[in-house]
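Those protein sequence lines, which keep their order, are chains X and F.
In the working numbering, each residue's number is its place in the first sequence (first place is 1) plus 110.
In the working numbering, each residue's number is its place in the second sequence (first place is 1) plus 241.
C-beta atoms are modelled at their ideal positions from N, C-alpha and C, and glycine is treated no differently.
None of these values were measured; they are calculated from a predicted model.
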Amino acid sequence: MTRTFKHVVLALIVVIWVLPFVALVTTSLRSEVASKTSGFWTAFTPTELGHRFGTHDRGEIEPFVTMSGNIFERLNKDSDSFEVEGDVNSILFTGRVPDPENPEKTKLIRQLIYPGEPMDVRGGDFVFESNGDFTWTFAEATAPKPKNIDAFIEQNPVFGTDAYVEVLFENKNVPNALIASFIVTIPATIIPITIAAFAAYAFAWMRFPGRDWLFVLVVSLMVVPTQLAFLPVLQGFSGIASWATSLNAWMTDCEATKTCQVASKSFASLWVTHTAFGLPLAIYLLRNYIVGLPKELLESARIDGASHLQIFTKLIIPLSVPALASFSIFQFLWVWNDLIVALYIGPADSADLVFPIRLQKQLGTFKDQLHLLNASAVISIIVPVIVFLSMQRYFIRGLLAGSVKGG
Amino acid sequence: MKFTLGTAASVLVAAASLYAAPTLADVCDTPTPLGDLGKFEGEVITIMGSMEGQDEEMLTNTVSCFEKATGAVVKYSGSRDFAALIVADLRSNNAPNIAIFPQPGLAGDMAKEGFLTPLGQESADWMAENYGAGPSWVALGTYADADGNEDFYGFAYKMDLKSLVWYSPEQFEDNGYEIPDTMEGLIALSDQMVEDGNTPWCIGVESGNATGWTATDWMEDLMLRTTSPENYDRWVSNDLPFNSPEVINAMDLYGQFSRNDDYVAGGASSVATTFFGDAPKGLFSSPASCMMHRQASFIPAFFPKKGEEVANGEADFFYFPPFEASDLGNPVLGAGTLWTMTKDSPATRAFFEFMKEASAHEAWMSQGTFLTAHTGADLNAYATPALRKQGEILSNATTFRFDASDLMPGAIGAGAFWSEMTAFANGQDTKTTADNIQSAWDAIK
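What follows is the structure in structure tokens.
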């Protein structure tokens, strides 16, 4: 293979990989109408889009012979941003006119009217220019009802951060979800990695009966799917919660304030669940890394009189940073993106919902408001991207942990 | 993206003080005053349901009246995955106090497993007396427990009217169309639209893991217009098999609408993949991609301006008419959410008393999409004339029937019926569709 070919293939892969993200960001920066009616790739060049404008506001108006106005003014009257600018290409006229072939009947016509051509609107002559100015002339003074007209406008690109402002500041849902996700993710990453490091050291360097069988058991637990365990796990938590509730009632004066009830679905239950299901992989990964550390180093430490705890804290931990970091990334991303565990086991209060659940709820509410959904999605992506970029040099080294043994 | 928690927090504090619950006081200030419900200071009631977004807001506002009156704290959590979550929660001893079932089928299954607390004969009698078509609402909430004893479990609160066709009056005016009052007229109008180069219908049945329910609504409405209400009831209980001529006839009629490339915006193949909430947007797109949309009373929430169209005259609806040729009167299809007690407590019982108050109905009526059969509720409380008009359709009905798929067992009404109607939209023929649903039903008998 030539170098050029490789580069082309690589570039192609990068484009395919990055394209959805570009689409996400672009859509989140567009207006609601634009994101609904045209694809994100049309956002960068002037595009013809259909807009519906009303000739005037509802309510009483003075009879007039000629009314003049501007299509863009009518379109932009309610919006502070994403102002529609450009040229009016045409207007779609729909209406019944006398049928020339069949004098008694009328015929429906749908026709594009171009700037400068007169068209019949509620009995008056409606003429518009491509800069949006229109005049509406009647034979005698009339007060017609407002009329909504479809105009095709060659629209200039327009971007704005309204969607971000709306999801972040309109209500507290997204900021709350961000905080809740951190509350869940940080302990659910630190707890398993701590336990796993101790266990991995024991499995690698301590001799006790049944060690290998126990290790095989732990590794085989990796195949247990979380989904299978929801019911028993939930039952367990509700048992613990009711036990904690009675303990609470017995030991404290919570009954006075009616706060005895201990929730069975809480952040703590999420930490426990994520820890339990993250541990097998963590132990496996770390054990294979730690077992590959130079034997001589540990033996000389032992000869110098170091205890297991000293060896673990002074030698193993500093030497295992790449493996620890790489597992942290794994666990962090998995917990950050988790929807189903949080849905079944996590707290249900609106303020405590984690980001994936909030996004799912927005899918229900905003399914038709892609720009808002995409803005939230971009916000939720930022955190994992920061975590990944800041730790990626460990990631590659850590991925190789276990596959390439040092010695 | 420059975003720090610090800036977010400071802006939030400012935002919170700016938008301090503007409408809450008005909602609870109903024409009929709220009766005495007792005091439950600090007691927590948990409610689970499938309502999200706007409905969730209105629910929270309505419930706040109960909180104010009794001092109890109501916590609502809504999820589109309600059907899956509530089953897991009930089976693992994590029951909320109240579960709001959108489908009686699933509520019946849960009653059978013993997870629901009966509301008592007194409540059943109250509903029979105070709800329009009361006994049928009671029947909707009555299920058998594990031993086969029937009890009243489901309190219907918040109803939907389904037999509506939405359209844009301005489009009808431009095109010179008249509102049909017979099904023959509706079909003729649809043909006229096709002739004029318009597309008559917007139909979409996609709805995540509930995909297909829109199609079952069409089926039910057409069943009521092609065969007798008695046959409809026999169909619901499967005394009339799914592959009987009556049902196949209705399905074929639905096919005439939904599997006709000329009739459906985007072509018949788009029906299965169009989100039901996006389908009505075709009425308002520029240019309009369709002229009519058959959907329940809740759909304005999915219009581009969230229902403002109905208020300012851009959208209106008419009754999905019956055939002139068949003498079946004016059938109306509807549905309601069922509130069940999943964990007993004095405060929860008080909440069910709250739902009997006319005031609880008026509070929700004043906020938007909400219909009620409560005869004591003041009709003036309806937020819009459109809702009142729907109330009139409800009262002019000669036959009222509940959504059949909601009454069928969960495995059919929220399973095979949905999935097979989706397959039907994707081109599966009528006979196979009907046979498949019937064999799914045979399997659970």
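Distance between beta carbons of residue j and residue i, contact taken as under 8 angstroms
{"i": "Lys405(X)", "j": "Ala458(X)", "result": "Actually they are not in contact, since the Cβ atoms of Lys405(X) and Ala458(X) sit about 51 angstroms apart, beyond 8 angstroms."}
{"i": "Phe592(F)", "j": "Phe307(F)", "result": "6 angstroms"}
{"i": "Pro256(X)", "j": "Asp190(X)", "result": "Their Cβ separation, rounded to whole angstroms, is 23 angstroms, which puts Pro256(X) and Asp190(X) out of contact at 8 angstroms."}
{"i": "Ala624(F)", "j": "Glu603(F)", "result": "So it is not a contact: roughly 10 angstroms between Cβ atoms."}
{"i": "Gln441(X)", "j": "Gly388(X)", "result": "5 angstroms"}
{"i": "Tyr394(F)", "j": "Ala325(F)", "result": "At roughly 20 angstroms, the Cβ-Cβ gap does not stay under 8 angstroms, so Tyr394(F) and Ala325(F) are not in contact."}
{"i": "Tyr418(F)", "j": "Leu463(F)", "result": "Contact flag wrong, Cβ pair sits at about 22 angstroms."}
{"i": "Phe231(F)", "j": "Val406(F)", "result": "No answer is possible for residue 231(F): the residues shown for chain F start at 242 and end at 686."}
{"i": "Leu338(F)", "j": "Ile286(F)", "result": "Checking the sequence, you will find Asn at residue 338(F) rather than Leu. With 8 angstroms as the limit, Asn338(F) and Ile286(F) qualify as a contact, their Cβ atoms being about 5 angstroms apart."}
{"i": "Ala397(F)", "j": "Leu381(F)", "result": "6 angstroms"}
Cβ-based burial, residue i [other Cβ within 10 Å; buried from 16]
{"i": "Thr455(F)", "result": "buried"}
{"i": "Ile303(X)", "result": "buried"}
{"i": "Glu661(F)", "result": "buried"}
{"i": "Thr271(F)", "result": "buried"}
{"i": "Arg503(X)", "result": "exposed"}
{"i": "Asp461(F)", "result": "Correcting the residue identity first, residue 461(F) is Glu in this sequence and not Asp. With 16 or more Cβ atoms within 10 Å of its Cβ, Glu461(F) is classed as buried."}
{"i": "Ala153(X)", "result": "buried"}
{"i": "Phe238(X)", "result": "buried"}
{"i": "Asn241(X)", "result": "exposed"}
{"i": "Thr264(F)", "result": "Residue placement at Thr264(F) cannot be trusted, given a pLDDT of 47 that sits under 50; the coordinates are not used to answer."}
{"i": "Ile455(X)", "result": "buried"}
{"i": "Leu129(X)", "result": "exposed"}
{"i": "Thr114(X)", "result": "exposed"}
{"i": "Gln265(X)", "result": "buried"}
{"i": "Gly283(F)", "result": "exposed"}
{"i": "Ala262(F)", "result": "With a pLDDT of 38 at Ala262(F), under the threshold of 50, the modelled position of that residue is not reliable, and the figure given next carries that caveat. With fewer than 16 other Cβ atoms within 10 Å, it is exposed."}
{"i": "Pro650(F)", "result": "buried"}
{"i": "Asp462(X)", "result": "buried"}
{"i": "Val143(X)", "result": "buried"}
{"i": "Ser178(X)", "result": "exposed"}
{"i": "Met606(F)", "result": "buried"}
{"i": "Asn390(F)", "result": "exposed"}
Reference residue i; option with closest CA among the options
{"i": "Asp458(F)", "options": "Thr383(F), Leu427(F), Ile444(F)", "result": "Ile444(F)"}
{"i": "Phe244(X)", "options": "Gly233(X), Phe262(X), Pro256(X), Pro225(X)", "result": "Pro225(X)"}
{"i": "Thr383(X)", "options": "Val118(X), Pro342(X), Ser460(X), Gln470(X)", "result": "Pro342(X)"}
{"i": "Ala566(F)", "options": "Gly426(F), Ala329(F), Phe539(F), Tyr384(F)", "result": "Gly426(F)"}
{"i": "Ile426(X)", "options": "Ala312(X), Ser500(X), Ala452(X)", "result": "Ala312(X)"}
{"i": "Glu297(F)", "options": "Val435(F), Lys280(F), Asp437(F), Val315(F)", "result": "Val315(F)"}
{"i": "Ala618(F)", "options": "Asp277(F), Lys399(F), Phe561(F), Met434(F)", "result": "Lys399(F)"}
{"i": "Leu443(X)", "options": "Phe308(X), Thr295(X), Pro428(X)", "result": "Thr295(X)"}
{"i": "Pro572(F)", "options": "Glu598(F), Leu430(F), Ser404(F)", "result": "Ser404(F)"}
{"i": "Leu223(X)", "options": "Ser356(X), Val198(X), Leu396(X)", "result": "In the sequence as presented, Leu is not what sits at residue 223(X); that position holds Ile. Taking only the C-alpha atoms, the option nearest Ile223(X) is Val198(X)."}
{"i": "Met532(F)", "options": "Val551(F), Ile540(F), Asp519(F), Tyr504(F)", "result": "Tyr504(F)"}
{"i": "Met289(F)", "options": "Thr273(F), Leu331(F), Phe281(F), Gln497(F)", "result": "Leu331(F)"}
{"i": "Tyr372(F)", "options": "Lys597(F), Gln679(F), Lys672(F), Phe665(F)", "result": "Lys597(F)"}
{"i": "Val135(X)", "options": "Phe377(X), Glu264(X), Trp151(X), Leu396(X)", "result": "Trp151(X)"}
{"i": "Thr581(F)", "options": "Ala348(F), Ala588(F), Glu282(F), Arg321(F)", "result": "Ala348(F)"}
{"i": "Leu434(X)", "options": "Phe203(X), Thr299(X), Val372(X), Asn212(X)", "result": "Thr299(X)"}
{"i": "Val435(F)", "options": "Phe498(F), Asn479(F), Val446(F)", "result": "Phe498(F)"}
{"i": "Ala340(F)", "options": "Ser478(F), Thr578(F), Trp659(F)", "result": "Thr578(F)"}
{"i": "Gly575(F)", "options": "Ser431(F), Ser305(F), Leu648(F)", "result": "Leu648(F)"}
Contacts of residue i in chain A (Cβ-Cβ under 8 angstroms)
{"i": "Tyr454(X)", "result": "Of the protein chains in the structure, X and F, none is chain A."}
- Message: By the 7 angstroms beta-carbon criterion, what residues does the stretch 149-162 of chain X contribute toward chain F?
- Response: Gly160, His161, Arg162
- Item | Contacting positions in the stretch 326-349 of chain F - beta carbon closer than 8 angstroms to chain X | Leu326, Ala329, Asp330, Arg332, Ser333, Asn334, Asn335: these are the residues of the stretch 326-349 of chain F whose beta carbon lies less than 8 angstroms from some beta carbon of chain X, given in chain order.
- Taking a Cβ distance cut-off of 7 angstroms, strictly less, list which residues of the stretch 326-346 of chain X are near chain F, in chain order. Phe340, Leu341, Leu344, Gln345
- Hey, which unbroken runs of the alpha helix (DSSP H) at 4 residues or more fall wholly within the stretch 277-326 of chain X? 283-315
- Message: What ranges does the alpha helix (DSSP H) occupy inside the stretch 554-617 of chain F, keeping only unbroken runs of at least 4 residues that lie completely in it?
- Response: 587-597, 599-606
- Interface positions of the stretch 182-211 of chain X facing chain F (Cβ-Cβ less than 8 angstroms), listed along the chain: Leu202, Thr204, Gly205, Arg206
- Give, in chain order, every residue of the stretch 241-273 of chain X whose Cβ lies closer than 7 angstroms to some Cβ of chain F. Asn258, Asp260
- Kindly provide the ranges of any beta strand (DSSP E) runs that are 3 or more residues long and lie completely inside the stretch 154-232 of chain X, ordered along the chain. 157-164, 174-180, 196-208, 216-223, 229-231
- Residues in the stretch 418-440 of chain F with C-beta within 7 angstroms of chain X's C-beta atoms, listed in sequence order? Asp437, Gly438
- Determine which residues of the stretch 469-487 of chain F have a Cβ less than 8 angstroms from any Cβ of chain X, and write them out in chain order. none
- Task: Closer than 8 angstroms, Cβ to Cβ, to anything on chain F: give me those residues from the stretch 214-227 of chain X, in chain order.
- Result: Thr216, Leu218, Arg220
- Listed in chain order, which residues of the stretch 550-567 of chain F have Cβ atoms closer than 7 angstroms to some Cβ of chain X? Asn553
- Query: Looking at chain F, which residues of the stretch 352-375 of chain X have a Cβ within less than 9 angstroms of any of its Cβ atoms?
  - Reply: Ser352, Thr367, Lys368, Thr369, Gln371, Ser374, Lys375
- Selection of the stretch 523-535 of chain F by Cβ proximity to chain X, strictly under 9 angstroms: Phe525, Ser526, Ser527, Pro528, Ala529
- Where are the beta strand (DSSP E) runs, 3 residues long or more, that stay fully inside the stretch 392-422 of chain F, in chain order? 396-402, 405-408
- Message: Any C-beta of chain F within less than 9 angstroms: which residues of the stretch 483-502 of chain X qualify?
- Response: Val488, Ile489, Ile492
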